[in-house]
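The next block holds one structure in the form of structure tokens; read it before the comments.
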Amino acid sequence: MNIEDKILAGDKIACARLISMLENNEKEAEEILKKLYEKTGNAYVIGVTGSPGAGKSTLTDKMAKKLREKGFKIGILAIDPTSPFTGGAILGDRIRMTDLILDEGVFIRSMGTRGNLGGLSKATSSAIKVLDIFGCDYIFIETVGVGQSEIDIVKMADTVVMVLTPNMGDDIQAIKAGTMEIADVFAINKSDLDGADKTKFEIEMNLDLNENTDFRPKVIKVSALKNKDIDILLDAVLEHKDYQMRTGNFEKRRIDNVKQEVLDLVKENLINLIMKKAVENDLLNKLAKEVYARKKDPYTAKEELINLLLN
Amino acid sequence: MERPIRVLVAKPGLDGHDRGAKVIARALRDAGMEVIYTGLRQTPEQIVEAAIQEDVDVVAMSILSGAHNTLFPKVVNLLKERGVTDRLIVGGGVIPEDDIPFLISSGVEAIFTPGTSTKDVVEFIKTHVKRQ
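In order, the protein sequences belong to chains A and B.
First residue of the first sequence: 1, per this note's numbering; consecutive thereafter.
First residue of the second sequence: 1, per this note's numbering; consecutive thereafter.
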């Protein structure tokens, strides 16, 4: 049996292998996904994002368990940062998901960002497809611990859950642009701590100012560790799913995301093509030195590099 | 670009001491490897399942409870049962010299005892990893 048939037959070893091949940019992997692409489109993708230590892994674990009780097959992609200095990484999200490891209906994969900014790894979108083909009904994507502007998750998730904790800052933090704008559901984790009500209030006040009145993100207080109110959080996620399905937003968002994905692929390929040529004839080094010496400006250098492709 | 070696660092059995495992995890990270750390008190079944889903090249186990003669070979055998034979399996911890030949003969390819330099562990993994 080839790797495609094995994955369709539910072989975890083959599924894991294909994800590695995609992470390692093996040409063959892309060909396999081309063949299997028509089998994708069945999984619903839930993004879980938030700052480091907010409780993303534990919450993902708890939500996944609830969906397992309903009989759904679950995939989890957990992203952690890769060192920009050594290329190494500690991928430690699994520690919070120990109970799920031996569950036949769960597949968990840890991924290093491998130089990608934005909170995900470059291969995340491909890995989602693999888990979709593998037959997962719901796929959780857990981002790296984010700051204020890592919003790539919104390009891949159908519903984004933003995990916050009490006392992370004043009400100005809640009205800032960036990550606070991409949430479809807010989870205030560790809500047994002081300040949870205040945090909820600040987010609600900020939501009052939204111009989109069709859909208002729910703000749910939970405790992942104590397994408290996870049902309510999951209901809010599924409510957002229903809303999207009902209004056609789901299709619109997916088409927007495909557009972005294809453009990103084009960008990456073009850069690779330019880099290959520029390195071959040492043009990039030459240009950099000329720009440094003020013999050329960066804008002319850019044009020369682009011309490599056009000629 | 060269791909990073993926290593599962696991603590089988019931002892709760993972300082050593964390030091090793950090050293492997600094050597450019992707380390999946699974946490304490894992069963051999959990370790094997994680190794498969993570598609790791190396399974590195640390044990301080004395159960190494049971648990290490069990992981090797469970992997074999699943048809997975192309991974490097190593172990470490407080392990008596006398037990090492048995562990090696059961498929654990190296045993690192207290005092081992992290450089040696990195070097061993780099030179013995089985998959290209």
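Beta carbons: idealized from backbone N, C-alpha and C, even for Gly.
These numbers come from a predicted model, not from an experiment.
The stretch 80-98 of chain A makes contact with the stretch 20-36 of chain B, as at least three CB pairs between them are under 8 Å. About 4 Å separates the beta carbon of A:A224 from that of A:T58, a gap short enough to meet the 8 Å contact definition. The secondary-structure analysis by DSSP pairs A:A89 across a beta bridge with A:T82, B:E34. Within the DSSP secondary-structure output, B:L88 pairs in a beta bridge with B:V58. Look at B:T38: its C-beta is under 9 Å from a C-beta on chain A.
Taking A:R114 as the centre and dropping the five residues before and after it, the same chain places the C-beta of T82, S121 closer than 6 Å to its C-beta, in chain order. Contacts with chain B at 9 Å (Cβ-Cβ) include A:K12. Taking 9 Å as the CB threshold, A:T98 lines the interface with chain B.
By the neighbour-count criterion, in which 16 or more other beta carbons inside 10 Å mark a residue as buried, B:I104 falls on the exposed side.
If you keep only unbroken alpha helix (DSSP H) runs of at least 4 residues inside the stretch 135-209 of chain A, you get 171-175, 196-208. Taking C-beta separations shorter than 8 Å and ignoring five residues to either side along the sequence, the partners of A:M162 in its chain run T49, G50, T179, M180, I182, A183, V185, F186, A187, following chain order.
For A:N227, the closest C-alpha among the options A:E30, A:M63, A:E4 is that of A:M63. Look at B:F102 here: in three-state DSSP terms it is helix.
Taking C-beta atoms as the reference points, B:I111 and B:I95 count as a pair closer than 9 Å.
Ranking B:L14, B:D15, B:D55 by CA distance to the CA of B:P4 puts B:D55 first.
By a beta-carbon distance limit of 8 Å, A:S191 contacts A:V222. Their separation comes to about 6 Å. In the assembly as shown, B:D120 is an exposed residue. Its beta-carbon has fewer than 16 other beta-carbons within 10 Å. A:K129 and A:G105 do not touch by the CB rule: their CB atoms are close to 19 Å apart, not below 8 Å.
Secondary structure of B:Q132 (DSSP, three-state): coil.
B:I63 has a beta carbon lying at 9 Å or more from every beta carbon in chain A. DSSP, read as helix, strand or coil, puts A:M21 in helix.
Per DSSP, the beta-bridge partners of B:F112 are B:G92. A:I74 sits in a strand when the DSSP states are folded into three classes. In the structure shown, B:A10 falls within a strand segment according to DSSP collapsed to helix, strand and coil. Looking at the DSSP output, A:K286 sits in no beta bridge, so it has no partner there. Its Cα nearest to that of A:T165, the residue A:K56 stands out among A:D80, A:K56, A:S149. Close to B:Q46, with beta-carbon spacing below 9 Å, are these residues of chain A in chain order: T98, I101, L102.
Shown here, B:I5 sits in coil according to DSSP, grouped into three states, outside any helix or strand. DSSP, reduced to helix, strand and coil, places A:R114 outside both helices and strands of the structure shown, so it counts as coil. Assignment of A:F215 by DSSP, reduced to helix, strand and coil, places it in the coil class.
In this structure, A:V45 lies away from A:D229, with their beta-carbon atoms at least 9 Å apart.
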